[in-house]
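**Student:**
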Amino acid sequence: MTSHATGRRTVLFAAAALTTGCGSNGGGGSGTDTSTPTAPPAPATTAPAPSGATPLARTSQIPVGGGTVFPEEKVVVTQPAEGEFKAFSAICTHQGCTVNKVADGTIDCPCHGSKYRIADGSVAAGPAPRPLPAEQIVVSGDTITLA
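The opening position of the sequence shown corresponds to residue 849 in our numbering, with each subsequent residue numbered one higher.
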């Protein structure tokens, strides 16, 4: 019976160790990003769109200082400054919800209130533990396409 109890404790300990890092912002509760920085998002390419690619949006659909969420494609496209387009995953790094709006310079998640900066996807308010991953887009004329 001792080996069964020891084995069970080992499994429980391993499960606790695996979940300790999930959904945490460092435990401080301050809403600040304590994760290690990631590489900045790649700029949008201005080359021709990939052949056969379906356009995602027109540049005029992405407001300057804001952005648009494309839930079907699981991507959000922002325009932090005139003519500068960025794209990020629309999946929140906290618990996998889809972000639902871009407002006041942030990309917002409706589930637990995480907010990400439109310029680089970095965490502006937790509980998200890390930035939104960058996505590749191609801007060709007035058309934006996923790369």
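All residues carry an ideal CB built from backbone N, CA and C; glycine is no exception.
1. How many angstroms separate the CA atom of A976 from the CA atom of Q927?
2. Identify, in the order they occur along the chain, each residue of the same chain with its Cβ nearer than 7 Å to the Cβ of G915, setting aside the five sequence neighbours on each side.
3. Does DSSP classify Q909 as helix, strand or coil?
4. Using only alpha-carbon positions, find the residue among L904, H960, R978 and Q943 that is nearest to K934.
5. Roughly how many angstroms lie between the CA atoms of E930 and H960, to the nearest whole one?
6. How far does the beta strand (DSSP E) with I955 in it extend, from its first residue to its last?
7. By the DSSP assignment, the beta strand (DSSP E) with E932 in it spans what residues?
8. Can you tell me where the beta strand (DSSP E) with R965 in it begins and where it stops?
9. CA-CA distance, A938 and P911?
10. Are the CB atoms of V917 and N948 within a distance shorter than 8 Å?
11. With respect to the beta strand (DSSP E) encompassing T993, which residues constitute its N-terminal and C-terminal limits?
12. For the beta strand (DSSP E) containing K922, list its first residue and its last residue.
13. Is DSSP giving V971 helix, strand or coil here?
**Tutor:** According to the structure shown:
1. As a first step, residue 976 must be located in the sequence shown, where it is residue number 128. As a first step, residue 927 must be located in the sequence shown, where it is residue number 79. So the alpha carbons of these two residues sit roughly 22 Å apart.
2. One-based indexing of the sequence shown puts residue 915 at position 67. V924, V925, T926, Q927, V950, I955 and I966, listed in sequence order.
3. To locate residue 909, count along the sequence shown from 1; it is residue 61. In this structure, Q909 counts as helix in the three-state DSSP scheme.
4. Here residue 934 refers to the residue found at position 86 when the sequence shown is read from its first residue. Comparing Cα-Cα distances from K934 to each of L904, H960, R978 and Q943, the minimum goes to L904.
5. Position 82 of the sequence shown holds residue 930. Position 112 of the sequence shown holds residue 960. Here the alpha carbon of E930 sits roughly 30 Å from the alpha carbon of H960.
6. The sequence position of residue 955 within the sequence shown is 107, counting from 1. Counting along the chain, the beta strand (DSSP E) containing I955 begins and ends at T954 to D956.
7. Residue 932 sits at position 84 when you count from the first residue of the sequence shown. Here the beta strand (DSSP E) through E932 covers E932 to S937.
8. Position 117 of the sequence shown, counted from the first residue, corresponds to residue 965. For R965, the enclosing beta strand (DSSP E) starts and ends at K963 to R965.
9. For the purposes of this step, residue 938 is taken as residue 90 along the sequence shown, with counting starting at 1. For the purposes of this step, residue 911 is taken as residue 63 along the sequence shown, with counting starting at 1. Between A938 and P911, the C-alpha separation is close to 17 Å.
10. The sequence position of residue 948 within the sequence shown is 100, counting from 1. The sequence position of residue 917 within the sequence shown is 69, counting from 1. By the CB criterion at 8 Å, N948 and V917 fall inside the cutoff.
11. For the purposes of this step, residue 993 is taken as residue 145 along the sequence shown, with counting starting at 1. Unbroken beta strand (DSSP E) run through T993: T991 to L994.
12. Your numbering for residue 922 matches position 74 in the sequence shown. Segment: none, K922 is in no beta strand (DSSP E) and carries neither H nor E.
13. Numbered from its first residue, the sequence shown carries residue 971 at position 123. The answer is strand: DSSP assigns V971 an E or B state.
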